[in-house]
Structures are given as structure tokens and as C-alpha cells.
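Residue numbers (our numbering): 331 to 496.
Quick look at the structure:
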């Protein structure tokens, strides 16, 4: 379908895993489309803390082979060290393995959106700038979703304003 739409590359972001990566790669290559590997990760304050279930979504996309290796490593560590209801990573580990990765702020479950809804625009700007610092300038993007949810529309409006600052 990507070719019909004129797309030369397509990304897939499984929730919390990379289980579909091989099948995705084979199908994309078969149809002449460049696959972009990704994952919708769960970022916890401390991946080793098994008493706090709270985590936020963050999309990671591999932009090269180094990014793929870091994405695979982070995904593995989410299961090996951080698993508590979900495979979780934390910002410390992400900072250590962010080379070659692009970050997206994710859905309403992402930290930027959650802070915006709970604490207001100042808190979400701080989080967005922290992610830009982790991934490097030009490697972190605010994700807007036109899904028709009232809460999402409010967040999208704030994200438009935040994008002018960041």
C-alpha cells in the first residue's frame, strides 16, 4: 500500500517490542520500500524500580545501523532489566544509547502530553528540551495526532505553540 501512496519508506513501531521487525523488513524489501525500524517504548522514572508502574510512551526510530543496534539493545534491556507490567527503559539508559535514534513525543501517553495535561505548558517545554538534549538537535519531534479526541485536540494546540519555542 505504501507504494500506491507514493511512499518510498515506511516505519513500523510495535508497542514495547520489535517482534514484527523481520516480517516487516522482508515485506518492505519485497515491495521496494525502505523499512524504518522503530518501537513505541515505555519510559519509566527508574527501570529498576519494581514498585512504581508509571511510565510514559516514547517513539524511537532507527536512522542507521548504529540506531538499529541501540534500538535493539534498549528493547532487550527493557525486558531483561526493566520489565514490570511492560518492558521499560529509563532516560539514563536512553541517554547512553541514543546515538542513531530519532525520538517522537508519542501519543497522549507520552511524557510531553502528560505533563501538558497535568502541569501546563511550562512543564512540557522542559521535557521536550530534555529529549532534544538526549537525542541531539534535530532528532526529537513533537507528534501531533488528528484522532478526533477532544483531549488530543487541546494537546495538539499546545504542541503547535511548543513547536515555535523548541
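Quick reminder that beta carbons are idealized off the backbone N, C-alpha and C, glycines included.
Remember, predicted model here, so these are calculated numbers, not experimental data.
- In the DSSP assignment, residue 414 falls outside any alpha helix (DSSP H) and carries neither an H nor an E.
- Residue environment for residue 490: exposed (fewer than 16 other C-beta atoms within 10 angstroms of its C-beta).
- The way I'd put it, the stretch 401-419 does touch the stretch 375-385; three or more beta-carbon pairs between them come closer than 8 Å.
- About 6 Å separates the beta carbon of residue 492 from that of residue 472, a gap short enough to meet the 8 Å contact definition.
- Under DSSP, the beta-bridge partners assigned to residue 367 are 342.
- The residue among 482, 403, 349 and 430 with its C-alpha nearest the C-alpha of residue 396 is 430.
- In this structure, the alpha-carbon of residue 393 lies about 10 Å from that of residue 365.
- For residue 433, the uninterrupted beta strand (DSSP E) run begins and ends at 431-434, by DSSP.
- Bridge pairing for residue 387: 372 and 440 [DSSP].
- DSSP, read as helix, strand or coil, puts residue 465 in helix.
- Look at residue 349 here: in three-state DSSP terms it is coil, with no helix or strand label.
- In this structure, the beta-carbon distance from residue 482 to residue 438 falls below 8 Å.
- Apart from sequence neighbours up to five positions away, the residues of its chain that approach residue 457 with a beta-carbon distance below 6 Å are 441, 442 and 445, ordered along the chain.
- In this structure, residue 370 and residue 436 form a Cβ contact; the two beta carbons are roughly 6 Å apart against a cut-off of 8 Å.
- Partner residues in a beta bridge of residue 354, as assigned by DSSP, do not exist.
- Note that the C-beta distance between residue 418 and residue 373 is below 8 Å.
- With 16 or more neighbouring CB atoms inside 10 Å of its own CB, residue 368 falls in the buried class.
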